[in-house]
Every structure is written in C-alpha cells, then in structure tokens.
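Q:
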Amino acid sequence: MPFAILRLQKLKTFADIGGSLSHNYRNRETLNADSERTHLNDHDFDTNEKCMTAIRDRIPEKRRKDAVLCIEHLITASPEWNGWGTEKETEFFEQSKKWLENKYGKNNVVSTTIHRDEKTPHLVAYVVPVDEETGRLNAKKYIGGSRHTLSQMQT
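One gets the working numbering by counting positions in the sequence shown from 1 and adding 98 to each.
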C-alpha cells in the first residue's frame with residue numbers, strides 16, 4: 099500500500115543552508131541523481147544564490163544564536179505509488195505546496211523544488227519559521243519538539 103513520506107531537517111547556520119542548496123541545485127556531485135534527467139527538475143529560483151538571498155531576506159536580523167534559520171522539507175510518496183509520471187504527480191506536489199503554505203504561511207515557504215532526476219520524485223521546500231504574531235523565528239511553534247508532532251503532520 100503506497101504512503102506519503104515527510105522528512106524535516108532543521109538548518110541552524112547559513113553554512114547548513116548553503117550545503118543543502120548546493121545539493122538541491124546539483125552544484126556538487128549527487129550520486130543518487132541521474133545527470134541525464136537533471137533538466138527535468140523544477141526550481142522556484144534559477145540558482146542557489148538567488149534562493150539563498152530570498153532565505154536571508156526572510157530571516158529577521160535580530161535572532162537567537164541557536165535559532166533554527168530554515169527548515170528543509172522533503173515530501174514524496176512511496177515508490178510503488180501508481181501516480182508517478184502522471185497528472186496525479188503534479189497534483190500531489192501542488193497539494194503538498196498548499197499544505198506547506200497553510201501550515202507555515204505563504205511568506206514563510208520561500209522556495210520549492212521538484213526533483214525528477216532521482217529514482218522517486220520528491221518535493222524539497224525551504225521554510226523560514228517566522229512567527230507572524232511576534233516577527234521572530236520560532237521553529238518550535240510549527241514543528242514542536244517531539245517525533246509525535248511529525249507523525250501527526252503525516253496523517
């Protein structure tokens with residue numbers, strides 16, 4: 099039976115974000131990606147530098163030293179799902195992006211990418227967890243501190 103997959107990674111430094119973006123934009127060797135299919139990937143920004151600028155612009159100047167600057171999300175479905183390569187795939191990723199925007203706020207979902215150069219297509223999103231009420235970074239508000247929160251997000 100096919101199932102949805104959600105993975106989160108807290109990025110606490112600009113170096114963490116830069117490394118993630120280098121992988122996401124295929125600026126460094128990605129062994130599990132097929133270089134013949136990289137042109138099928140769909141990015142919101144042309145380059146990782148433009149994406150980094152957008153992320154930096156969203157992060158408040160005043161922040162805690164240990165704050166989570168960005169949360170990388172990976173959203174996909176299990177490989178046996180029969181929607182890959184069809185309109186269902188497009189709809190799945192569109193609905194995933196809408197879910198992110200509803201959960202975090204449209205302004206906080208800075209960038210999304212769809213990778214089609216790996217065995218199982220997936221969406222990667224960069225979310226800056228700014229609390230709209232306070233204007234401060236607050237990853238805990240959105241993703242909590244326990245794995246229970248993540249399992250709730252997946253249902």
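No residue lacks a Cβ here, since even glycine has one placed at the ideal position from N, Cα and C.
Out of Arg135, Gly117, Arg126, state which residue places its alpha-carbon closest to the alpha-carbon of Glu170.
A: Measuring from the Cα of Glu170, the nearest candidate turns out to be Gly117.
Q: Going along the chain, which residues of its own chain have a beta-carbon closer than 6 Å to the beta-carbon of Asn206, five neighbours each way excluded?
A: Hits under 6 Å: Val225, Val226, Val228.
Q: Using DSSP with H/G/I as helix, E/B as strand and the rest coil, what is Tyr240?
A: Looking at Tyr240 - three-state DSSP - the assignment turns out to be helix.
Q: What residue from Lys239, Gly233, Ala237, Tyr240 has the CA that sits closest to Pro158's CA?
A: Selected option, being the one with the closest Cα: Gly233.
Q: Please name the residue, chosen from Gly181, Phe101, Thr218, Phe112, that lies closest to Asp164 on a Cα-to-Cα basis.
A: Of the candidates Gly181, Phe101, Thr218, Phe112, the one whose C-alpha sits nearest the C-alpha of Asp164 is Phe112.
Q: Could you pull the DSSP bridge partners for Gln107 from this structure?
A: DSSP output for Gln107 lists Glu170 as bridge partner(s).
Q: Going by DSSP, what residue range makes up the beta strand (DSSP E) through Leu198?
A: Segment 185 to 202 is the alpha helix (DSSP H) holding Leu198; no beta strand (DSSP E) there.
Q: Could you work out which residue in Lys201, Arg161, Lys195, Ala223 is closest to Tyr240 when comparing CA atoms only?
A: The shortest C-alpha separation from Tyr240 is found at Lys201.
Q: What does the Cβ neighbour count give for Met99, buried or exposed, with the cut at 16 atoms within 10 Å?
A: Under this definition Met99 is an exposed residue.
Q: By DSSP's criteria, Ile212 is part of a beta bridge. Which residues make up the other side?
A: Looking at the DSSP assignment, Ile212 forms a beta bridge with Asp140, Leu221.
Q: How about the stretch 132 to 145 and the stretch 205 to 221: do they share at least three Cβ pairs that are nearer than 8 Å?
A: Segments in contact, yes.
Q: Would the beta-carbon of Ile115 fall within 7 Å of that of Leu109?
A: For Ile115 and Leu109, yes; Cβs fall inside 7 Å.
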